[in-house]
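Trainee: Heads up: the sequence shown at position 123 corresponds to 124 in the numbering used here, and the numbers run straight through without jumps.
All C-beta atoms in this analysis are idealised placements derived from N, C-alpha and C, irrespective of residue type, glycine included.
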Amino acid sequence: MKTLRCIAVDDEPLALMQLGKYIERTPGIEVVETCYDASEALAAIDRHDDVDLLFLDINMPDMSGMELARRLTPGRPLVIFTTAYSEYAIEGFKVEAVDYLTKPFSYDEFAASVERARRRLGSGARSDEAIYVKESGSTRRIMLGDISVIKGLAEYVQIYLASSPRPVTTLMSLRTLEETLPAERFMRIHRSYIINLDAVEEVGHNRVRIASEELPVSESYRGRFREYISRKRL
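1. Three or more C-beta pairs closer than 8 Å, one from the region 210-219 and one from the region 187-195: is that the case here?
2. According to DSSP, simplified to helix, strand and coil, what is ARG119?
3. Is the separation between the beta-carbon of LEU122 and that of GLY153 shorter than 9 Å?
4. Please classify TYR86 as buried or exposed, where buried requires at least 16 other C-beta atoms within 10 Å of its C-beta.
5. Alpha carbon to alpha carbon, what distance is there between PHE226 and SER149?
6. With DSSP as the reference, identify every bridge partner of ASP100, one or two as the case may be.
7. Roughly how many angstroms lie between the CA atoms of THR27 and LEU102, to the nearest whole one?
8. How would you write the range of the alpha helix (DSSP H) that MET18 sits in, first residue to last?
9. Assign ARG167 to one of three DSSP states: helix, strand, or coil.
10. Could you please give the first and the last residue of the uninterrupted beta strand (DSSP E) stretch that includes ILE143?
11. Decide if MET61 is buried, meaning its Cβ has at least 16 other Cβ atoms within 10 Å, or exposed.
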(Lines of atoms letter the chains of each structure in order from A; the text may use other names.)
(Lines give C-alpha, C1' and ligand atoms only; values in the text may rest on other atoms or scores of the structure.)
Protein backbone atom coordinates (compact mmCIF):
# COMPACT_ATOMS: atom_id res chain seq x y z
CA MET A 2 0.00 0.00 0.00
CA LYS A 3 1.38 3.39 -1.02
CA THR A 4 2.01 5.77 1.86
CA LEU A 5 0.03 8.98 1.39
CA ARG A 6 2.12 12.08 2.06
CA CYS A 7 0.05 14.90 3.52
CA ILE A 8 0.23 18.50 4.69
CA ALA A 9 -2.01 19.66 7.55
CA VAL A 10 -3.13 23.31 7.62
CA ASP A 11 -4.99 24.94 10.53
CA ASP A 12 -4.54 28.13 12.52
CA GLU A 13 -5.59 26.33 15.72
CA PRO A 14 -2.76 24.34 17.38
CA LEU A 15 -5.21 22.05 19.20
CA ALA A 16 -6.91 21.17 15.93
CA LEU A 17 -3.55 20.31 14.36
CA MET A 18 -2.68 18.21 17.40
CA GLN A 19 -5.92 16.22 17.13
CA LEU A 20 -5.43 15.75 13.40
CA GLY A 21 -1.89 14.55 14.04
CA LYS A 22 -3.17 11.93 16.49
CA TYR A 23 -5.65 10.63 13.94
CA ILE A 24 -2.93 10.43 11.29
CA GLU A 25 -0.64 8.51 13.67
CA ARG A 26 -3.42 5.95 14.20
CA THR A 27 -3.91 5.43 10.47
CA PRO A 28 -1.67 3.05 8.50
CA GLY A 29 -0.30 4.27 5.19
CA ILE A 30 -0.34 8.02 5.78
CA GLU A 31 2.31 10.45 7.03
CA VAL A 32 2.58 14.18 7.67
CA VAL A 33 5.40 15.89 5.81
CA GLU A 34 4.62 19.36 7.18
CA THR A 35 2.14 21.26 9.35
CA CYS A 36 1.19 24.88 8.64
CA TYR A 37 -0.70 27.57 10.55
CA ASP A 38 -1.86 29.67 7.61
CA ALA A 39 -2.48 29.47 3.88
CA SER A 40 0.71 31.29 2.89
CA GLU A 41 2.80 28.74 4.78
CA ALA A 42 0.82 25.99 3.08
CA LEU A 43 1.50 27.33 -0.42
CA ALA A 44 5.22 27.39 0.34
CA ALA A 45 5.05 23.86 1.77
CA ILE A 46 3.28 22.56 -1.33
CA ASP A 47 6.05 24.07 -3.47
CA ARG A 48 8.67 22.33 -1.33
CA HIS A 49 6.90 18.97 -1.45
CA ASP A 50 5.82 18.49 -5.04
CA ASP A 51 5.00 14.84 -4.37
CA VAL A 52 2.46 15.53 -1.62
CA ASP A 53 -0.78 13.57 -2.10
CA LEU A 54 -3.22 15.10 0.35
CA LEU A 55 -3.96 18.45 2.00
CA PHE A 56 -6.00 18.66 5.22
CA LEU A 57 -7.22 22.23 5.05
CA ASP A 58 -9.06 24.46 7.51
CA ILE A 59 -11.24 27.12 5.88
CA ASN A 60 -11.48 30.04 8.30
CA MET A 61 -7.93 31.37 8.63
CA PRO A 62 -6.52 34.91 8.71
CA ASP A 63 -5.25 36.68 5.57
CA MET A 64 -6.21 33.91 3.13
CA SER A 65 -8.99 31.38 3.65
CA GLY A 66 -8.58 27.70 2.97
CA MET A 67 -11.17 27.95 0.21
CA GLU A 68 -9.17 30.67 -1.52
CA LEU A 69 -6.04 28.54 -1.21
CA ALA A 70 -7.84 25.56 -2.74
CA ARG A 71 -8.92 27.68 -5.72
CA ARG A 72 -5.27 28.52 -6.41
CA LEU A 73 -4.25 24.88 -6.64
CA THR A 74 -4.47 22.64 -9.66
CA PRO A 75 -7.59 20.54 -8.93
CA GLY A 76 -6.60 17.19 -7.45
CA ARG A 77 -2.93 18.10 -6.99
CA PRO A 78 -2.82 17.63 -4.08
CA LEU A 79 -6.22 16.25 -3.14
CA VAL A 80 -8.02 18.37 -0.53
CA ILE A 81 -9.99 17.36 2.56
CA PHE A 82 -11.53 20.37 4.28
CA THR A 83 -11.63 20.38 8.09
CA THR A 84 -13.77 23.18 9.48
CA ALA A 85 -16.23 24.10 12.19
CA TYR A 86 -18.64 25.53 9.63
CA SER A 87 -20.87 23.46 7.35
CA GLU A 88 -22.08 26.25 5.06
CA TYR A 89 -19.05 25.99 2.76
CA ALA A 90 -19.82 22.44 1.62
CA ILE A 91 -21.12 23.43 -1.82
CA GLU A 92 -17.99 25.53 -2.42
CA GLY A 93 -16.02 22.45 -1.43
CA PHE A 94 -17.68 20.52 -4.26
CA LYS A 95 -16.72 23.22 -6.74
CA VAL A 96 -12.98 22.97 -5.95
CA GLU A 97 -13.20 19.17 -6.25
CA ALA A 98 -12.47 18.46 -2.59
CA VAL A 99 -12.42 14.78 -1.63
CA ASP A 100 -14.41 15.43 1.52
CA TYR A 101 -15.65 18.04 3.98
CA LEU A 102 -15.17 17.16 7.66
CA THR A 103 -17.08 19.30 10.14
CA LYS A 104 -15.34 19.77 13.51
CA PRO A 105 -15.42 18.02 15.85
CA PHE A 106 -15.19 14.93 13.65
CA SER A 107 -14.60 11.39 14.85
CA TYR A 108 -11.71 9.13 13.96
CA ASP A 109 -14.07 6.93 11.93
CA GLU A 110 -15.13 9.95 9.84
CA PHE A 111 -11.47 10.89 9.36
CA ALA A 112 -10.49 7.36 8.34
CA ALA A 113 -13.37 7.17 5.85
CA SER A 114 -12.20 10.42 4.23
CA VAL A 115 -8.65 9.13 3.92
CA GLU A 116 -9.95 5.97 2.28
CA ARG A 117 -11.95 8.05 -0.23
CA ALA A 118 -8.79 9.98 -1.06
CA ARG A 119 -6.87 6.74 -1.51
CA ARG A 120 -9.55 5.39 -3.87
CA ARG A 121 -9.51 8.58 -5.92
CA LEU A 122 -5.74 8.45 -6.24
CA GLY A 123 -5.93 4.79 -7.18
CA SER A 124 -8.57 5.36 -9.83
CA GLY A 125 -6.66 8.23 -11.40
CA ALA A 126 -9.81 10.33 -11.26
CA ARG A 127 -8.07 13.64 -11.82
CA SER A 128 -9.61 16.73 -13.33
CA ASP A 129 -7.51 16.20 -16.46
CA GLU A 130 -8.90 12.69 -17.10
CA ALA A 131 -11.02 12.33 -20.22
CA ILE A 132 -13.38 9.93 -21.95
CA TYR A 133 -13.74 9.46 -25.70
CA VAL A 134 -17.16 9.13 -27.35
CA LYS A 135 -18.38 8.93 -30.92
CA GLU A 136 -20.38 11.87 -32.27
CA SER A 137 -21.44 12.46 -35.88
CA GLY A 138 -18.93 9.99 -37.30
CA SER A 139 -15.92 11.24 -35.34
CA THR A 140 -14.43 10.56 -31.91
CA ARG A 141 -14.64 13.37 -29.40
CA ARG A 142 -12.53 13.85 -26.27
CA ILE A 143 -14.49 15.04 -23.22
CA MET A 144 -12.80 16.13 -19.99
CA LEU A 145 -14.45 14.62 -16.91
CA GLY A 146 -14.31 17.94 -15.10
CA ASP A 147 -16.29 19.56 -17.91
CA ILE A 148 -19.27 17.18 -17.58
CA SER A 149 -22.20 18.46 -15.53
CA VAL A 150 -25.11 16.12 -16.36
CA ILE A 151 -25.65 13.05 -18.53
CA LYS A 152 -29.16 12.34 -19.75
CA GLY A 153 -30.26 8.97 -21.07
CA LEU A 154 -32.68 8.91 -24.02
CA ALA A 155 -33.60 5.43 -25.30
CA GLU A 156 -30.48 4.09 -27.05
CA TYR A 157 -28.33 7.20 -26.78
CA VAL A 158 -27.18 9.74 -24.20
CA GLN A 159 -26.72 13.49 -24.11
CA ILE A 160 -23.65 14.73 -22.23
CA TYR A 161 -24.05 18.30 -20.98
CA LEU A 162 -20.85 20.29 -20.59
CA ALA A 163 -20.02 23.36 -18.54
CA SER A 164 -18.05 24.75 -21.47
CA SER A 165 -20.75 24.44 -24.16
CA PRO A 166 -24.47 25.23 -24.49
CA ARG A 167 -24.91 22.24 -26.82
CA PRO A 168 -24.83 18.70 -25.39
CA VAL A 169 -22.74 15.95 -26.94
CA THR A 170 -25.02 13.20 -28.27
CA THR A 171 -23.65 9.69 -28.62
CA LEU A 172 -25.04 6.21 -29.23
CA MET A 173 -24.49 4.51 -25.87
CA SER A 174 -26.56 3.28 -22.95
CA LEU A 175 -26.61 5.22 -19.71
CA ARG A 176 -25.61 2.05 -17.85
CA THR A 177 -22.48 1.61 -19.99
CA LEU A 178 -21.42 5.18 -19.28
CA GLU A 179 -22.22 4.77 -15.58
CA GLU A 180 -19.87 1.78 -15.41
CA THR A 181 -17.13 3.73 -17.20
CA LEU A 182 -17.13 6.88 -15.06
CA PRO A 183 -15.35 7.03 -11.65
CA ALA A 184 -17.99 6.31 -8.99
CA GLU A 185 -16.54 8.78 -6.49
CA ARG A 186 -17.24 11.67 -8.87
CA PHE A 187 -20.37 10.64 -10.77
CA MET A 188 -23.63 9.27 -9.41
CA ARG A 189 -26.85 8.05 -10.97
CA ILE A 190 -29.82 9.82 -9.37
CA HIS A 191 -32.61 8.73 -11.74
CA ARG A 192 -33.12 6.18 -14.49
CA SER A 193 -32.51 9.04 -16.93
CA TYR A 194 -29.74 11.03 -15.19
CA ILE A 195 -26.13 10.75 -14.05
CA ILE A 196 -24.68 13.83 -12.38
CA ASN A 197 -21.18 15.11 -11.75
CA LEU A 198 -21.12 15.50 -7.96
CA ASP A 199 -18.63 18.35 -8.28
CA ALA A 200 -21.21 20.31 -10.29
CA VAL A 201 -23.98 20.26 -7.66
CA GLU A 202 -25.10 23.78 -6.77
CA GLU A 203 -28.03 23.06 -4.45
CA VAL A 204 -29.72 20.07 -2.87
CA GLY A 205 -33.44 20.13 -2.09
CA HIS A 206 -36.19 17.67 -1.27
CA ASN A 207 -35.76 14.88 -3.82
CA ARG A 208 -34.05 17.16 -6.31
CA VAL A 209 -30.70 18.74 -7.13
CA ARG A 210 -29.77 21.91 -8.96
CA ILE A 211 -26.95 21.82 -11.50
CA ALA A 212 -26.19 24.63 -13.95
CA SER A 213 -29.40 26.37 -12.80
CA GLU A 214 -31.49 23.33 -13.80
CA GLU A 215 -33.46 21.22 -11.32
CA LEU A 216 -33.20 17.45 -11.70
CA PRO A 217 -35.26 14.78 -9.90
CA VAL A 218 -33.75 12.24 -7.52
CA SER A 219 -35.87 9.11 -7.88
CA GLU A 220 -36.78 6.83 -5.00
CA SER A 221 -34.61 3.93 -6.14
CA TYR A 222 -31.45 6.10 -6.08
CA ARG A 223 -32.43 8.37 -3.19
CA GLY A 224 -30.85 6.38 -0.35
CA ARG A 225 -27.35 6.34 -1.83
CA PHE A 226 -27.52 10.00 -2.77
CA ARG A 227 -28.72 11.02 0.69
CA GLU A 228 -25.92 9.00 2.26
CA TYR A 229 -23.41 10.86 0.11
CA ILE A 230 -24.88 14.24 1.05
CA SER A 231 -24.97 13.37 4.76
CA ARG A 232 -21.25 12.62 4.62
CA LYS A 233 -20.72 16.10 3.21
CA ARG A 234 -22.53 17.69 6.17
CA LEU A 235 -24.84 19.93 4.16
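Mentor: In brief:
1. As far as the Cβ criterion goes, the region 210-219 touches the region 187-195, which means the pair count is three or higher.
2. Helix at ARG119.
3. Cβ atoms of LEU122 and GLY153: not closer than 9 Å.
4. Using a 10 angstroms sphere on the CB of TYR86, the tally of other CB atoms stays under 16, which defines it as exposed.
5. If you draw a straight line from the Cα of SER149 to the Cα of PHE226, it comes to about 16 Å.
6. DSSP, once it has assigned bridges, lists ILE81 as partnering ASP100.
7. THR27 and LEU102 have their C-alpha atoms spaced approximately 17 Å apart.
8. Segment 14-26, the alpha helix (DSSP H) holding MET18.
9. Coil at ARG167, not helix or strand.
10. Element bounds for ILE143: 139-144.
11. Classification for MET61: buried.
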